[in-house]
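Residue numbers (my numbering): 29 to 368. We treat Cβ as the ideally placed atom computed from N, Cα and C, and that holds for glycine. Below: one structure, written as structure tokens.
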């Protein structure tokens, strides 16, 4: 006879079987519906940002749930989608002819390379590097243009999901809370942390990007930079890149203007952007973002890299959040199961 102390209890076997079944089914559902993950993440982001306003309208102002849901989706459309559409439209309009803009990009890089080499003797941009940059920009711009339809699909699906989340907000939150096998105090910790992180990223990143882009646009007009509206869009997008940020746009533009013979304008443009745009970035990050959530720079760097690979555009928001939540879950695991 087997020693009963060495046997696995029936309760443990049933628990393992149930967990394995849940994991397998969850994997199959997630794998086959992976195309909707950005939509779900977008809906969750917008729900968290407008959660309090939704409850205020429904419970304080006594609005019908369908009315408040449609109203908030309209706000999202006006505040978020329309500006994003115009930003993409600027890029598509300016970068619509690949041969033309890639030729101009090659000429732009060659002029910078020749100027730097003639002044310093350093071969900063070799022909191989210029070709690599050209190919990289070509792939990126092609993916931006080709993903426009996919972006519209993601936005439509996100709003569809968001409507039901707003309309049945209390039910949605009760189901989410009941699905987590944790202590209520730890569920509250996760909820508060997730809310602060989403608001910090969903509000902070666009505000910082738009602020730097507008301030840089003023400088582009003042000092006569070429295609200032296009540079505004590129500067706003580049501002989310960790470490280098918007400097990856305005420094080469300044050098190009100097190489073109506009020495004073190029120098003053770089000084203006380094000082004023850099000051704008610091002010926004150390006031707005610090009030929202103090996110470590390394968290942002690795989060954006990972998030963009996993979720595309939504990875800018959810990449850093995933890292922060993972660290929080490690702390919660210690609190739940580790006896010290």
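Reference residue i; option with closest CA among the options
i	options	result
residue 100	282, 269, 236 and 85	85
residue 139	336, 356 and 286	286
residue 235	111, 38 and 89	111
residue 191	79, 226 and 329	79
residue 360	227, 335 and 209	209
residue 97	215, 74 and 108	74
residue 77	103, 205 and 61	103
residue 142	288, 356 and 334	288
residue 264	87, 214 and 241	241
residue 106	61, 183, 199 and 62	183
residue 197	54, 87 and 347	87
residue 356	64, 52, 218 and 223	218
residue 283	335, 146, 204 and 257	146
residue 20	65, 83, 61 and 346	Lying outside 29 to 368, the shown extent of the chain, residue 20 is not represented and no answer is given.
residue 66	55, 290, 83 and 181	181
residue 300	252, 206, 203 and 81	252
residue 83	50, 200 and 51	200
Residue i beta carbon near the ligand FMN (any heavy atom closer than 7 Å)
i	result
residue 71	Because no ligand of any kind appears in the structure shown, any question about the ligand FMN cannot be addressed here.
Cα-Cα separation between residue i and residue j, rounded to whole angstroms
i	j	result
residue 310	residue 302	11 Å
residue 245	residue 231	21 Å
residue 281	residue 306	16 Å
residue 238	residue 266	11 Å
residue 304	residue 278	12 Å
residue 221	residue 352	9 Å
residue 57	residue 331	25 Å
residue 233	residue 41	47 Å
residue 195	residue 354	30 Å
residue 29	residue 362	Unreliable placement is indicated for residue 29, whose pLDDT of 46 sits below 50; no coordinate value is reported for it.
residue 294	residue 273	19 Å
residue 328	residue 90	40 Å
residue 92	residue 268	38 Å
residue 261	residue 193	32 Å
residue 38	residue 229	46 Å
residue 45	residue 53	12 Å
residue 254	residue 61	44 Å
residue 365	residue 212	15 Å
residue 333	residue 63	19 Å
residue 108	residue 43	45 Å
residue 214	residue 95	34 Å
residue 292	residue 312	29 Å
residue 337	residue 206	31 Å
residue 59	residue 50	14 Å
residue 275	residue 144	17 Å
residue 55	residue 216	26 Å
residue 290	residue 81	51 Å
Delimiting residues of the alpha helix (DSSP H) encompassing residue i
i	result
residue 226	212-250
residue 87	Counting along the chain, residue 87 falls outside any alpha helix (DSSP H), and DSSP gives it neither H nor E.
residue 99	93-104
residue 46	38-60
residue 257	256-266
residue 436	With the chain running from 29 to 368 in the structure shown, residue 436 is simply not present.
residue 73	65-77
residue 209	No alpha helix (DSSP H) holds residue 209; DSSP gives it neither H nor E.
residue 275	275-287
residue 297	291-300
residue 311	306-312
Whole-number beta carbon distance between residue j and residue i, since they are thought to touch under 8 Å
i	j	result
residue 425	residue 243	The shown model of the chain, from 29 to 368, leaves out residue 425, and the question about it has no answer.
residue 189	residue 68	6 Å
residue 226	residue 358	About 20 Å; that fails the 8 Å criterion.
residue 48	residue 186	Actually they are not in contact, since the Cβ atoms of residue 48 and residue 186 sit about 32 Å apart, beyond 8 Å.
residue 297	residue 335	About 32 Å separates the two Cβ atoms, so there is no contact after all.
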